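Following this line, the structure appears as C-alpha cells:
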C-alpha cells in the first residue's frame, strides 16, 4: 500500500475530485461534503463541462474530463484523492483516465459505484497497484476522518459532524450504513471516533482488512478498532494470520453478521456476500476471531476479571454477538487498557421511543412492552416541533368535513396555514397571503410575490370581446346582481379559454420531471437541450399522426389567435413578465423552455413562424416556479400544481368581470346584449308538423 | 444478476467453441432413433443426467448409467421429473460414458487473497473441492491482462506429480478453460471431473459456472441462457421482476416462511442483523428484505405495495427498520410506505396490527411526521424510535410485541 497510516487515506489538506459529479447522488453528496469540509476541488462529467455544482461553501467547477480538470486547476490544487461516482459501465474508463493523467498526483481512488463487474474490479486493482495508487472499494461509501473533520464519499450522511466526533475508536465496516450506525451508538456511550471506514462490500475488496489493520496500528489516535464483518472472502482469516504472525498491538471489538442468513441459505442482497468455501462463512470467521482473542464472546452483564481469572478481561479484544453490545464491549476493552472514555456525558443504550400510540392494545400489554414515550434528543426535538406546525408537509388523506390544513379559527384568531390572518393583514400583501393560502407557504422572496401579482393583473382583461368579459356583460344586461355577473365570467372560462395553464404544467412536468432541477430559477440548467428534445418529440408525433391520419396533441399555451403573423411573435402581456424577470437578473426555467421550444419548432420546420408564448403559458410557468420546491420534495400534489395557474387566471378574470359589470350596469342600455333578429342567420329551412302525435288522436 | 451455467449449456454453447474436449451428448427430447444412434456410437453405454441447478445430483439418484435404449428412455423420463433439493430439472440429457485412468479437478475463480483470477488444480477429481487435502491441490493467481499460459498450467501439474504423458494435453485444456472463463465474463467456473482416458485423452465430464451479469461479456452473441424452474414464492417472483426493472435502490426479498413480522428493512448490513435478531428473539420474520440504496419515491412505493399485497393480511406486526442512513432519504421512503399502506387499507379495509419503526438518516424528522400522521389516520397502533435506539434493541422489542399481540 502507498499509505502508511490511516491519515494517508484521508486527512486535512487532501484535495478531492469527483467523477460524474453532476449525477443525482454525486451532486447531493458533494454539496454536503463541501459544506462539511470543503475539500472538493472539482469534478468531471462527460458533456457537462462548464457547469457548476452550487454548495453553501461556493460552487464546485465541473469539467468535461479528468484531463481537462488537471489542465485548468492550478498545480497546488491538483487532486490527490479521487471519488468515482460513475455508472458501472463507465468506472473502468474513468479509472484508466485517472491513472493515465494523474499517476504522479493521485494517491487514493475511492469507488462508490455498485455493480462493477468483478473482471473490471480485478483490472482496476492491477493497473492502480502498478502505479502505487491505493483503491478503496468498489461499492464503498467512503471514509471520514473525525479529528481533521474531513470526509470523502457519503459516510455520515447529511451531517457527519453529528456522528463522527474525535475520540479513540476507528470503525472499519463492510457496510457503509453500519460504519455510521455503530459510530452513533458509540457516541451515545461517550466514545468518539478517529476514522469511520466503509471498506466496500463487493466480492473483491481492493484494500483488504489486513491492510486497514496495519494502517490503524500505526495511527497514534486509534486506541481500539471496531470491525463490522459480513460473509464472503478470506479477508478476516488473512488478517488474523497476519496478526498472529507479526503480532498486533491494538485491541479489536468484532461483530460478524450473516450466520443465520447463511443457515436459511439466502444471500444477503449484496454481491460481496456470495459464500464460497468455509473460510468465507460467518461461522468460520466468528471462530477464527474467538481463537485469536482467546476468549468467549462478550456477554452483557458478566463480570470480567483480570488475567488468570475466568473469564478474563480481553487484551487482544473480544467479539460481540449482539450489535448493541458494541459500546459496552469497547468500554470493557478501554477499562482493561486503563483508558478513559472520550466524553464524560453519555447516555445509557436503551429503548427510547420517540412516539408511542398503542391505543387499545397498549392497555392489554405487560408494562415492559407498553412503553411510555421517551425523550427525543436534540436537534431532532426542535426540528420535530417545527415540522409538526406545518401540516401540509405531511399530507395524508383523511375525512376533511370538519378539518382543514388551509384555515383555522380558535375563536380568537383566524389563521391561514397557521399564520394569523390579523398579522398577515398588518404585515403582508394580498398576493403574499394568497400564495400562502394556495401553496401552504409564504412566498420565497419579493421577486416571487411581485411576479405572482403580475399574473393576476395580466389575467384581469384582454378587452371586452373575450368570452369571459362577454359572460359578465350578458349577465349584467339581464339585470343580474354583481356576484351573478362574476359567476357568469367564471362560467365562461374553461379548458380552452383560460384553463390551458393546467395542461401547460402537465406538459412541463413531462420534460422537467418531478425530481428535476433543484431551483426553478437556476441559470445553469441546459434549457436549449430540453427544448430541442421537446420540439423533436413533437415533430415526430405530428408526423406519425399525419401518416396515420389521426389527431395529435397540441402543445398547450403556444401560439395566439391575435399575435401570429410576424416572423417572431410575442404576446405583449407575456413579454412584460418575461422582461421583468430578465431585468431582475433572474430566469424562470419553464418560461425559458417555452421560448426555446418556440424557436426550436421553427428551426425544425414544424412551424412557419416563431409562435408566441401566450399569457397562459407565462401564468403556468410563474406558478409552477413558485410551487416547484414543494412539488419536487413531494410536499405538494401534481394536481394542486396544475390547478393553481387556472385558479390564478380565474381569480384575475372574475375581478375583471366585476369591472365589466360595474361599467355595463352604469352605462349600458336595457337588453343591449340582445342580438337583433335582423342580424341572426337561419341555417335551417322552415318545416311543417304533420298529423301524428297524441294531441291529434281525439 | 448472474447466470448459472450448467453442463448442458456448457456442452451446447461453449465446449466446442473454446476447444475443450467433452464426451458426446444428446438431449433427452431428441427423437428415439437419434438416441438409439448415439448409444450405438458410444458402444451402447451412456450416462443420464438432469439439467438442473442443484448440488447432490448423484446422491439423489439423478445420475445413472444406462446400457440400452429402454433403460435410457425410462431414466430420461424419470430423471427429468425428479425434484432435487426442491429444484425441478428443465430436462434430462445423455452423455457418452468416458472410462478414466485419472480424474482431475480444475476451477478458475477470483481469489480474495490475490485480488485476481486464480486457477486451482487437483489430481483428485470427482469429489467436492473442500474435501481434497490442501497438499493435493495447487492454486496460482492469473494475471488478469496476460491470462493463463500453457507453461504455467504445466508448472502446476508438475508440482502435483501429474504423469508426464498427459501434461501437454492437460495444459492445453487449462488454457482453453481460461479462454472460456475470461471471454464470457465468468466469475467462477469448475470442471469436475476432468477424466483422462487410458490413452491419455482428457474429457471435461461435468461443468458448472457463474457468469457475472455486470460484465458486458455476459451478453454472449447467439447464446440465450436457459431459465431454470426456481422455487420462488409469489412475493419473491414479483419482487425479483420489480428489482430487475431498475438499478435505483435495492428491492430484495428472500422468503423465510415466517408468520409473524412483516419486515420492511433498509441497508444490506442492517437488514441482515435485524433479521438475525428477529429470528433469535422468536419474531418469526416473514422474509429477509433490503430496500436501502436511496430508492426514489415510485420505486419504494412499488416495493412496499408488493410486500403488503402478499404479506400484510397475515402479519401480526409491521416493522419498518434500518440503521442510520448515509444517503437514503427517509422522508421519501417513509412517504412511499405510508401511501402504500393507506392505499392498501382503502382497498382491503382497516389493518389492525401494531407498527414498530426505527430509523435514522437524512430528512428523518420529515419522514417521521409523514408516517406518524398516516398511522394516526389509519388508527394503527405504533411505536417510533429514532437513531439513538440500536436496531437490534428495536428488533428484540418488535419480536416480543408481536408475540404478545399474537396471544391476545
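Chains as they are written, first to last, in this note's numbering: chain A, 1 to 698; chain B, 1 to 408.
The C-beta atom is built at its ideal place from N, Cα and C for all residues, glycine as well.
What you are looking at is a predicted structure, and each value in this text was computed from that prediction instead of being measured.
Under the three-state reduction of DSSP, residue 328 (chain B) is assigned to coil, being neither helix nor strand.
For residue 178 (chain A), the nearest beta carbon of chain B is closer than 8 Å to its own beta carbon.
Within the region 79 to 113 of chain A, 88, 89 place their CB atoms closer than 8 Å to a CB of chain B, listed in sequence order.
Across the structure, residue 61 (chain B) and residue 231 (chain B) are spaced so that their CA atoms are roughly 20 Å apart. Only buried fits residue 342 (chain A), as 16 or more other CB atoms lie within 10 angstroms of its CB. Within the region 46 to 90 of chain B, complete beta strand (DSSP E) segments of at least 3 residues are found at 46 to 51, 64 to 66, given in chain order.
In the displayed model, residue 354 (chain A) falls within a strand according to three-state DSSP. When C-beta atoms of the region 470 to 480 of chain A are compared with those of the region 549 to 567 of chain A, fewer than three pairs fall below 8 Å, so the two segments do not count as touching. Counting C-beta pairs with one atom in each stretch, the region 283 to 290 of chain B and the region 195 to 209 of chain A have fewer than three that are closer than 8 Å, which means they do not touch.
For residue 141 (chain A), at least one C-beta of chain B is nearer than 8 Å to its own C-beta. Taking CB atoms only, residue 272 (chain B) has a neighbour in chain A less than 8 Å away.
Residue environment analysis places residue 318 (chain A) among the buried positions, since at least 16 neighbouring C-beta atoms fall within 10 angstroms of its C-beta.
In terms of beta-carbon proximity, residue 192 (chain B) stays away from the interface with chain A, with every pair separated by 8 Å or more. If you look at residue 90 (chain A), you'll find it in the alpha helix (DSSP H) that goes 88 to 102.
Residue burial annotation: residue 151 (chain B) is exposed, with fewer than 16 other C-beta atoms found within 10 angstroms of its C-beta. Taking 8 Å as the CB threshold, residue 246 (chain A) stays off the interface with chain B. At a C-beta separation below 7 Å, residue 278 (chain A) has these neighbours in chain B: 130. Cβ neighbours of residue 34 (chain A) within its own chain (closer than 7 Å, five residues either side excluded): 40, 55, 57, 60. Judged by pairs of C-beta atoms under 8 Å, the region 113 to 131 of chain A does not touch the region 167 to 187 of chain A, as fewer than three such pairs exist.
Put simply, the CB of residue 209 (chain A) is far from chain B, with every gap to its CB atoms at 8 Å or more. Our two residues, residue 662 (chain A) and residue 495 (chain A), have alpha carbons roughly 27 Å apart in a direct line.
Taken in chain order, the unbroken stretches of beta strand (DSSP E) that lie wholly in the region 408 to 436 of chain A and span 3 residues or more are 414 to 416. Contact check for residue 105 (chain A) and residue 19 (chain A): beta-carbon distance about 15 Å, past the 8 Å limit, so the pair fails to qualify. With contacts defined as CB atoms closer than 8 Å, residue 353 (chain B) and residue 315 (chain B) qualify as a contacting pair. Counted as a single uninterrupted DSSP element, the alpha helix (DSSP H) harbouring residue 170 (chain B) occupies residues 164 to 183. One Cα belongs to residue 45 (chain B), the other to residue 92 (chain B), and the distance between them is close to 16 Å. With a beta-carbon spacing of about 6 Å, residue 177 (chain B) and residue 20 (chain B) fall inside the 8 Å limit used to define contacts.
Under a criterion of Cβ atoms nearer than 7 Å, the residues of chain A adjacent to residue 117 (chain B) are, in order, 122.
Straight across, the Cα-Cα distance linking residue 207 (chain A) with residue 134 (chain A) is about 7 Å. Listed by position along chain A, the residues whose Cβ is nearer than 8 Å to that of residue 113 (chain B) are 234, 238. Secondary structure of residue 536 (chain A) (DSSP, three-state): helix. The beta carbon of residue 393 (chain B) falls within 8 Å of a beta carbon belonging to chain A, placing the residue at that interface. For the region 90 to 159 of chain B, the full-length beta strand (DSSP E) segments reaching 3 residues or more read 91 to 96, 102 to 111, 116 to 122, 137 to 141 along the chain. Proximity of chain B to residue 384 (chain A) at the Cβ level (cut-off 9 Å) is accounted for by 365, 368, 369, in chain order. At least one CB atom of chain A sits nearer than 8 Å to the CB of residue 214 (chain B). Within the region 249 to 271 of chain B, 250, 252, 254, 256, 266, 267, 268, 269, 270, 271 place their CB atoms closer than 8 Å to a CB of chain A, listed in sequence order.
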